[in-house]
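The structure appears right after this line, and notes come after that.
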Amino acid sequence: MNASKISARNVNVFYGQKQAISDVSLDFDSDVVTALIGPSGCGKSTFLRTLNRMNDTIANARVEGRIALDGEDIYAAEMDVVQLRARVGMVFQKPNPFPKSIFENVAYGPRIHGLASGSAQLADIVERSLKRAGLWDEVKDRLSDSGTALSGGQQQRLCIARAIAVDPEVILMDEPCSALDPIATARIEELIHELKGRYAIVIVTHNMQQAARVSQRTAFFHLGSLVEYGTTSDIFTNPRQERTKDYITGRYG
Ligand SMILES: Nc1ncnc2c1ncn2[C@@H]1O[C@H](COP(=O)(O)OP(=O)(O)OP(=O)(O)O)[C@@H](O)[C@H]1O
Ligand SMILES: [Mg+2]
Numbered sequence: 001m002n003a004s005k006i007s008a009r010n011v012n013v014f015y016g017q018k019q020a021i022s023d024v025s026l027d028f029d030s031d032v033v034t035a036l037i038g039p040s041g042c043g044k045s046t047f048l049r050t051l052n053r054m055n056d057t058i059a060n061a062r063v064e065g066r067i068a069l070d071g072e073d074i075y076a077a078e079m080d081v082v083q084l085r086a087r088v089g090m091v092f093q094k095p096n097p098f099p100k101s102i103f104e105n106v107a108y109g110p111r112i113h114g115l116a117s118g119s120a121q122l123a124d125i126v127e128r129s130l131k132r133a134g135l136w137d138e139v140k141d142r143l144s145d146s147g148t149a150l151s152g153g154q155q156q157r158l159c160i161a162r163a164i165a166v167d168p169e170v171i172l173m174d175e176p177c178s179a180l181d182p183i184a185t186a187r188i189e190e191l192i193h194e195l196k197g198r199y200a201i202v203i204v205t206h207n208m209q210q211a212a213r214v215s216q217r218t219a220f221f222h223l224g225s226l227v228e229y230g231t232t233s234d235i236f237t238n239p240r241q242e243r244t245k246d247y248i249t250g251r252y253g
């Protein structure tokens with residue numbers, strides 16, 4: 001059986017009385033980048049957050065339905081949420097490094113999860129993660145500088161290194177390039193290409209060109225519903241739904 005890495009079934013999300021996601025079912029596979037697109041307010045971030053229970057941190061949010069990681073219900077009472085968020089890492093719109101050194105930003109997760117048996121191994125994990133995030137050459141001589149002293153694009157790669165350091169299986173990215181200039185954006189897109197062989201990646205983006213460049217599958221959301229899901233080339237060149245066509249041709253959003 002070739003089961004999906006993450007499988008969402010009949011997911012509803014409410015903020016108080018207001019429903020933000022309606023009956024969404026969607027699967028995500030390893031080695032695949034899936035783009036979530038749709039107009040502002042359609043529920044992309046809300047849905048993304050269901051995949052690692054980040055909605056738990058929002059007081060009035062309520063999630064219904066089933067989301068399984070490798071077949072295991074992530075909303076089950078016995079699920080360790082800290083562990084879950086290491087397995088399903090997240091990168092936010094605005095780079096949010098800890099106000100700590102570059103080294104500590106990356107070392108923190110492996111340390112609290114007990115992934116290194118000593119300082120040499122921890123240093124190895126930090127180096128490997130920064131290399132994989134394409135940041136090592138720029139920071140290797142200043143690992144004790146503050147993470148917040150880096151440029152925006154470097155900070156975002158640091159946040160990606162931090163997510164990678166705990167050996168995740170899935171990486172969620174919510175508009176990871178929207179605060180970055182075109183050069184830093186291109187760097188992150190390259191990185192997504194390099195990372196996709198190792199993880200399931202789910203990326204929210206407002207940038208249609210970016211979705212077309214980095215993803216193999218695309219899901220189009222509108223008003224809290226999943227309108228259409230398919231290969232990125234089908235969604236962009238041959239959408240079946242009128243609403244999808246209107247959105248990708250820039251008629252609204
Ligand atoms: N914490 C919250 N409390 C109440 N309503 C919320 C909350 N977060 C989001 N919403 C509402 O849920 C709906 C979906 O919001 P969400 O942020 O998921 O949309 P989005 O597609 O990510 O939009 P954008 O592209 O602007 O980031 C919106 O109507 C929004 O106002
Ligand atoms: Mg959003």
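Position one of the sequence shown corresponds to residue 1 (the UniProt record's numbering), numbered consecutively onward. We put the CB at the ideal spot given by N, CA and C, even for glycine.
Test item: CB-CB of residue i and residue j under 8 Å
i    : j    : result
R9   : R85  : no
V33  : V88  : no
R187 : G134 : yes
N60  : G118 : no
G147 : F98  : yes
V24  : D56  : no
S30  : K5   : yes
L69  : V202 : no
G38  : F236 : no
D91  : I21  : For clarity, residue 91 is Val in the given sequence; the question names Asp instead. Not a contact, by the Cβ cut-off of 8 Å.
S178 : Q93  : yes
I248 : M208 : yes
D145 : I102 : yes
E64  : N12  : yes
L172 : L26  : no
R213 : E242 : no
F14  : R62  : yes
Per DSSP, cross-strand counterpart(s) of residue i
i    : result
S146 : S101
R9   : R66
R217 : T34 and T231
I21  : V13
I203 : A35 and M173
A61  : Y15
S225 : H222
G89  : I171
L26  : A8
D124 : Answer by DSSP bridge pairing: none, since D124 is not bridged.
E72  : L69
Residue i classed as buried or exposed, judged by whether at least 16 other C-beta atoms fall within 10 angstroms
i           : result
T218        : buried
A107        : buried
E78         : exposed
R49         : buried
S215        : buried
residue 310 : What the structure shows of the chain is the stretch from 1 to 253, and residue 310 is not part of that stretch, so it cannot be assessed.
R157        : buried
G175        : What sits at residue 175 in the sequence shown is Glu, not Gly. Burial call: buried.
E72         : exposed
R142        : exposed
I183        : exposed
T232        : buried
N238        : exposed
G224        : buried
E228        : buried
T205        : buried
S129        : buried
A211        : buried
I58         : exposed
I125        : buried
A120        : exposed
V112        : The sequence given here has Ile at residue 112, not Val. Looking at its Cβ environment, which holds fewer than 16 other Cβ atoms inside 10 Å, I112 is exposed.
C-beta neighbour in chain B for residue i, strict 8 Å
i    : result
S117 : Absent from the structure: chain B. Only one protein chain is present.
Starting from the N-terminal side, write out each stretch of the alpha helix (DSSP H) that is 4 residues or longer and does not extend beyond the region 150 to 188. List check, alpha helix (DSSP H) in window: 152 to 165.
Going along the chain, which residues put their C-beta within less than 7 Å of some heavy atom in ligand 2? K44, S45, D174, E175 and V204
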